[in-house]
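First residue of the sequence shown: 25, per my numbering; consecutive thereafter.
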Amino acid sequence: MNRFITAAVAGVMLAGASHAGVTEEEIRNDQSVTSQIVTNGMGRHLQRFSPLDTLNKENIHKMVPAWAFSLGGEKQRGQETQPLIYDGVMYITGSYSRVYAIDVNTGEELWQYDARLPEGILPCCDVINRGGAIYGDNFYFGTLDARIVALDLKTGDVKWRKKIADYKAGYSYTAAPLIVDGLVVTGNSGGEFGIIGEVQARDAETGELVWTRPVIEGHMGTLNGEESTMTGTLNATWPGDMWKTGGGATWLGGSYDADTNTLVFGAGNPAPWNSHLRNAGTPTEGNKGDNLYAASRIGIDPKTGEIKWHFQTTPREGWDYDGVNEVVAYTDREGNKRFATADRNGFFYVLNREDGAFVSATPFVKDISWASGIDETGRPIFVEENRPGNPADAADGKKGDVIFASPSFLGGKNWMPMAFSQRTGNFYVPSNEWGMDIWNEPISYKKGAAYLGAGFTIKPNYEDHIGSLKAIDPDTGEIKWEFKNDAPLWGGVMTTAGGLVFTGTPEGKFIAFDDETGEELWSFQTGSGIVGQPVTWEQDGEQYVSIVSGWGGAVPLWGGEVAKKVNYLNQGGMVWTFKLPKELAAAN
Ligand code: CA
Numbered sequence: 025m026n027r028f029i030t031a032a033v034a035g036v037m038l039a040g041a042s043h044a045g046v047t048e049e050e051i052r053n054d055q056s057v058t059s060q061i062v063t064n065g066m067g068r069h070l071q072r073f074s075p076l077d078t079l080n081k082e083n084i085h086k087m088v089p090a091w092a093f094s095l096g097g098e099k100q101r102g103q104e105t106q107p108l109i110y111d112g113v114m115y116i117t118g119s120y121s122r123v124y125a126i127d128v129n130t131g132e133e134l135w136q137y138d139a140r141l142p143e144g145i146l147p148c149c150d151v152i153n154r155g156g157a158i159y160g161d162n163f164y165f166g167t168l169d170a171r172i173v174a175l176d177l178k179t180g181d182v183k184w185r186k187k188i189a190d191y192k193a194g195y196s197y198t199a200a201p202l203i204v205d206g207l208v209v210t211g212n213s214g215g216e217f218g219i220i221g222e223v224q225a226r227d228a229e230t231g232e233l234v235w236t237r238p239v240i241e242g243h244m245g246t247l248n249g250e251e252s253t254m255t256g257t258l259n260a261t262w263p264g265d266m267w268k269t270g271g272g273a274t275w276l277g278g279s280y281d282a283d284t285n286t287l288v289f290g291a292g293n294p295a296p297w298n299s300h301l302r303n304a305g306t307p308t309e310g311n312k313g314d315n316l317y318a319a320s321r322i323g324i325d326p327k328t329g330e331i332k333w334h335f336q337t338t339p340r341e342g343w344d345y346d347g348v349n350e351v352v353a354y355t356d357r358e359g360n361k362r363f364a365t366a367d368r369n370g371f372f373y374v375l376n377r378e379d380g381a382f383v384s385a386t387p388f389v390k391d392i393s394w395a396s397g398i399d400e401t402g403r404p405i406f407v408e409e410n411r412p413g414n415p416a417d418a419a420d421g422k423k424g425d426v427i428f429a430s431p432s433f434l435g436g437k438n439w440m441p442m443a444f445s446q447r448t449g450n451f452y453v454p455s456n457e458w459g460m461d462i463w464n465e466p467i468s469y470k471k472g473a474a475y476l477g478a479g480f481t482i483k484p485n486y487e488d489h490i491g492s493l494k495a496i497d498p499d500t501g502e503i504k505w506e507f508k509n510d511a512p513l514w515g516g517v518m519t520t521a522g523g524l525v526f527t528g529t530p531e532g533k534f535i536a537f538d539d540e541t542g543e544e545l546w547s548f549q550t551g552s553g554i555v556g557q558p559v560t561w562e563q564d565g566e567q568y569v570s571i572v573s574g575w576g577g578a579v580p581l582w583g584g585e586v587a588k589k590v591n592y593l594n595q596g597g598m599v600w601t602f603k604l605p606k607e608l609a610a611a612n
């Protein structure tokens, strides 16, 4: 056969195949294909950078709303999701484990799915959901009763529904699933209940488990239904049986670096919070009390679930500095392949993408009290007197010394994703300047009960702001500009090739900044606090921007004195979609 005819036939088949939904190739190219968004993070490296420049510094002031959509009902709180855009439809998840399909041209609802949640679910930090995934003809998302659900993209009908873990033991699920080579990869939530953090990979078509990888040393992984390997070395860094309820929730999901074929997941705090109960020896006794792999980033082989490398940000963690914050793959100005992550503990880390090896760490918030810095191996230089005191040292044995720690347990940065700009080479990090009084108490594990052994009260560090969006040069750690906000920032950030940085505030303002100066170029009041994640795409020659507005999340629930400061903010649940109409763009 003539080879040109063969090619033509192959082309037709490819076009035909695209009706079968989103392919691995489309997922791989999500950043460069600007007409759709099929991944959380606008690309699996989570850069949240769009190459679009139709909207730019010169014309952004003319951007106007195109449509808005209400999530309806009485469930109006904690909208932390990121919209996905595919084939003329926007897909969003809502709080209380809901999903909406919306006509992207009109803003009209096509279908809605409400997961029926059982009594007794135990979400630690509000009833939120952080987004879904698309692969083939399915939309995937997780529920507060720790299940993963595949829905038909066109109808919202359930294709399959699988249990990730037992919600009665404190497990839940809130992160966006990650799709890699036909696998749906998920973490789990519940780090305040003595659960075991785990990463699971399932066949996307059937939902059957392919592998599991617990992230606390001593626990066994599985591959194709059989035991594979043990995570770490039993009792190497955990005393006695403490590893059995050791925490390390993988609650923020993961990223994927295609260059090194590595999944990167973060593990949360070791359980319980009271670090004295997990310390195998004195602080000077090597790494016996490090509690691997809690408060760590972990590189995983997507085929087998084997751990390729780990980097622990906070060994012997004692302040709830979860190590889950997103790890963003990027290439630095000299062409080095790097990862960057802004940890709860207040330090911005750069790692080598090949092996997760430490490159540098610099503080991205002020007043860090628990460590005086990070040494050349990546290990914190602890300030021991700023660790909460051991209750066993108290006269009554009930409450250890109260200390003031900064950042607070909600972190220099929490879940809200930062963005990288390929235009400036900088990261844009939503951070918070706050501290806490914290103390330790005795605690023993009880299934389904909070397992902390700690008490705390969060306090602002400054009168005039808590929130602080920072432009950070990853090569030097230098802060190029800062936007201060009264309330703590809790929403995601996005950058564009048009030189724009988008984020929202709990006060409801959706803002576009100049990526070089931090100047506010445009803003819009969305009516409720923004804790969602912005996206942008193009259709018919116009660039669209969307954000979901709806105040909630951990701050109002756990924020101590800060929660009182923001209790005037109204809840909500609304998608706002903006564009610069062609006519307006042409009119100068
Ligand atoms: Ca935690």
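All C-beta atoms, glycine included, are put in the ideal place defined by N, C-alpha and C.
Report task. Say yes only if the C-beta of Gly290 is nearer than 7 angstroms to one or more non-hydrogen atoms of ligand 1, and no if none qualify. Result -> Locating residue 290 in the sequence shown gives position 266, counting from the first residue. No - ligand 1 has no heavy atom lying nearer than 7 angstroms to the Cβ of Gly290.
Query raised in the report: Which residues in the same chain have their Cβ closer than 7 angstroms to the Cβ of Ile145, if we skip the five residues on either side of it in sequence?
Result: To locate residue 145, count along the sequence shown from 1; it is residue 121. For Ile145, where only same-chain residues beyond five positions count, the Cβ hits under 7 angstroms are Leu168, Asp169, Tyr191 and Ser196.
Query - Top-ranked residue by Cα proximity to Thr47, from Glu341, Glu566 and Gly160 - result: What you label residue 47 is simply residue 23 of the sequence shown in a count that begins at 1. Residue Gly160 is the option with its Cα nearest to Thr47.
Query raised in the report: Comparing alpha-carbon positions, which option in Ile240, Arg52, Gln106 and Gly596 lies nearest Trp575?
Result: Counted from its first residue, the sequence shown places residue 575 at position 551. Looking at the Cα atoms, Gly596 is the closest of the given residues.
Query - First through last residue of the beta strand (DSSP E) which encompasses Gly491 - result: Residue mapping note: residue 491 aligns to position 467 of the sequence shown, counting from 1. From DSSP, the beta strand (DSSP E) with Gly491 extends over Gly491 to Ile496.
Requested in this report: Have a look at Glu607, Ala611 and Phe602 and flag the residue whose alpha-carbon is nearest the alpha-carbon of Ala90.
Outcome: Taking the sequence shown and counting its residues from 1, the one referred to as residue 90 is at position 66. When each option's Cα is compared against that of Ala90, the closest is Phe602.
Report task. Specify the secondary structure class of Gly245 as computed by DSSP and reduced to three states. Result -> Here residue 245 is taken as the residue at index 221 of the sequence shown, counted from 1. Reduced to three states, the DSSP call for Gly245 is strand.
Query raised in the report: According to DSSP, is Pro454 helix, strand or coil?
Result: For the purposes of this step, residue 454 is taken as the residue at position 430 of the sequence shown. Three-state DSSP puts Pro454 in a strand.
Report task. Write down the C-beta distance between Phe451 and Met442 rounded to the nearest angstrom, noting that I regard them as a contact closer than 8 angstroms. Result -> As a first step, residue 451 must be located in the sequence shown, where it is residue number 427. As a first step, residue 442 must be located in the sequence shown, where it is residue number 418. Indeed, because the Cβ distance is near 5 angstroms, the residues count as touching under 8 angstroms.
Query raised in the report: So Phe449 packs on Arg357, CB below 8 angstroms; how close in whole Å?
Result: Position 425 of the sequence shown, counted from the start, is the residue given in the question as residue 449. Position 333 of the sequence shown, counted from the start, is the residue given in the question as residue 357. The sequence shown places Gly at residue 449, rather than the Phe named in the question. Their Cβ separation, rounded to whole angstroms, is 5 angstroms, which keeps Gly449 and Arg357 in contact under 8 angstroms.
Requested in this report: Pick out whichever of Trp297, Asp379, Gly194 and Asp314 has its Cα sitting closest to the Cα of Asp283.
Outcome: Counting from 1 along the sequence shown, the entry for residue 283 is found at position 259. Checked all of Trp297, Asp379, Gly194 and Asp314; the closest Cα to Asp283 is Asp379.
Report task. Within 10 angstroms of the Cβ of Arg68, are there 16 or more other Cβ atoms? Answer buried if so, exposed if not. Result -> Residue mapping note: residue 68 aligns to position 44 of the sequence shown, counting from 1. Classification for Arg68: buried.
Query raised in the report: Less than 7 angstroms between the CB of Glu216 and some heavy atom of ligand 1, yes or no?
Result: Position 192 of the sequence shown, counted from the first residue, corresponds to residue 216. Because some heavy atom of ligand 1 lies under 7 angstroms away, the Cβ of Glu216 counts as near it: yes.
Report task. Could you tell me if the beta carbon of Asn642 falls within a distance shorter than 7 angstroms of some heavy atom in ligand 1? Result -> The question about residue 642 has no answer, for the chain in this structure spans 25 to 612.
Report task. Select from Glu506, Glu487 and His489 the residue whose C-alpha is nearest the C-alpha of Ile496. Result -> Taking the first residue of the sequence shown as position 1, residue 496 is located at position 472. Per the Cα distances, Glu506.
Query raised in the report: Hey, Trp514 and Val579: beta-carbon distance below 8 angstroms or not?
Result: Along the sequence shown, one-based indexing puts residue 514 at 490. Along the sequence shown, one-based indexing puts residue 579 at 555. It is a contact, given that the beta carbons lie within the stated cut-off.
Requested in this report: Would you identify the three-state DSSP class for Trp343, choosing helix, strand or coil?
Outcome: Within the sequence shown, the letter at position 319 stands for residue 343. Residue state, collapsed to three classes: coil.
Requested in this report: Could you please give me the residues that DSSP links to Trp600 through a beta bridge?
Outcome: The sequence position of residue 600 within the sequence shown is 576, counting from 1. For Trp600, which the question treats as bridged, DSSP gives the partners Ala92 and Ile571.
Query raised in the report: Considering only residues of the same chain and omitting the five flanking positions on each side of Phe163, which have a CB-CB separation below 7 angstroms?
Result: Position 139 of the sequence shown, counted from the start, is the residue given in the question as residue 163. Here the set comprises Tyr115, Val123, Gly156, Leu175 and Leu177.
**Report entry** N- and C-terminal bounds of the beta strand (DSSP E) containing Ala366
**Finding:** Within the sequence shown, residue 366 is the residue found at index 342, counting from 1. Counting along the chain, the beta strand (DSSP E) containing Ala366 begins and ends at Lys361 to Ala366.
Query raised in the report: So what does DSSP say about Arg52, is it helix, strand or coil?
Result: Stepping through the sequence shown from its first residue, residue 52 is reached at position 28. Note: Arg52 maps to helix in three-state DSSP.
Query raised in the report: Looking only at C-alpha atoms, which of Ile203, Met598 and Lys390 sits nearest to Gly556?
Result: Counting from 1 along the sequence shown, the entry for residue 556 is found at position 532. Of the candidates Ile203, Met598 and Lys390, the one whose C-alpha sits nearest the C-alpha of Gly556 is Met598.
Query raised in the report: Okay, do the region 520 to 527 and the region 463 to 474 touch, 3+ Cβ pairs below 8 angstroms being the bar?
Result: no
Query raised in the report: How is the alpha helix (DSSP H) around Pro580 delimited, first residue to last?
Result: Residue mapping note: residue 580 aligns to position 556 of the sequence shown, counting from 1. Taken as a continuous stretch (DSSP letters only), the alpha helix (DSSP H) holding Pro580 covers Ala578 to Trp582.
Report task. Give every residue of the same chain whose Cβ lies closer than 6 angstroms to the Cβ of Gly112, excluding the five residues on either side of it in the sequence, and list them in chain order. Result -> Here residue 112 is taken as the residue at index 88 of the sequence shown, counted from 1. Excluding positions up to five away in sequence, the list reads Val128.
Query raised in the report: Are the CB atoms of Leu74 and Met518 nearer to each other than 8 angstroms?
Result: Residue numbering aside, residue 74 sits at position 50 when the sequence shown is read from its first letter. Residue numbering aside, residue 518 sits at position 494 when the sequence shown is read from its first letter. Note that residue 74 is Ser in the sequence shown, not Leu. Yes, the pair counts as a contact, with Cβ atoms nearer than the cut-off.
Query raised in the report: Helix, strand or coil for Gly271 per DSSP?
Result: In the sequence shown, counting from the first residue as 1, residue 271 sits at position 247. If DSSP states are grouped into helix, strand and coil, Gly271 belongs with the strands.
Query raised in the report: In chain order, which continuous runs of the beta strand (DSSP E) of length 3 or greater are located wholly inside the region 506 to 570?
Result: 518 to 520, 524 to 528, 533 to 538, 544 to 549 and 559 to 563
**Report entry** Distance between Gly206 and Ala228 (C-alpha atoms, nearest Å)
**Finding:** To locate residue 228, count along the sequence shown from 1; it is residue 204. To locate residue 206, count along the sequence shown from 1; it is residue 182. Taking the straight line joining both Cα atoms gives about 6 angstroms.
Query raised in the report: Under 8 angstroms, do Gly313 and Asn303 count as touching if we go by C-beta distance?
Result: Position 289 of the sequence shown, counting from 1, holds the residue named residue 313. Position 279 of the sequence shown, counting from 1, holds the residue named residue 303. For Gly313 and Asn303, yes; Cβs fall inside 8 angstroms.
Report task. Consult DSSP for Lys192 and reduce its assignment to one of helix, strand or coil. Result -> Mapped onto the sequence shown, residue 192 falls at position 168. Three-state DSSP puts Lys192 in a helix.
Query - Segment contact flag, the region 389 to 406 with the region 368 to 378, C-beta cutoff 8 angstroms, min 3 pairs - result: yes
Query raised in the report: Is Met266 helix, strand or coil by DSSP?
Result: As a first step, residue 266 must be located in the sequence shown, where it is residue number 242. Correct three-state label for Met266: helix.
Query raised in the report: With Phe534 and Ile571 assumed to form a contact (beta carbons below 8 angstroms), what rounded beta-carbon distance in angstroms separates them?
Result: Stepping through the sequence shown from its first residue, residue 534 is reached at position 510. Stepping through the sequence shown from its first residue, residue 571 is reached at position 547. Correct: roughly 5 angstroms between the Cβ atoms.
Query raised in the report: Secondary structure at Ala611, three-state DSSP: helix, strand or coil?
Result: Numbered from its first residue, the sequence shown carries residue 611 at position 587. Ala611: coil per DSSP, three-state reduction.
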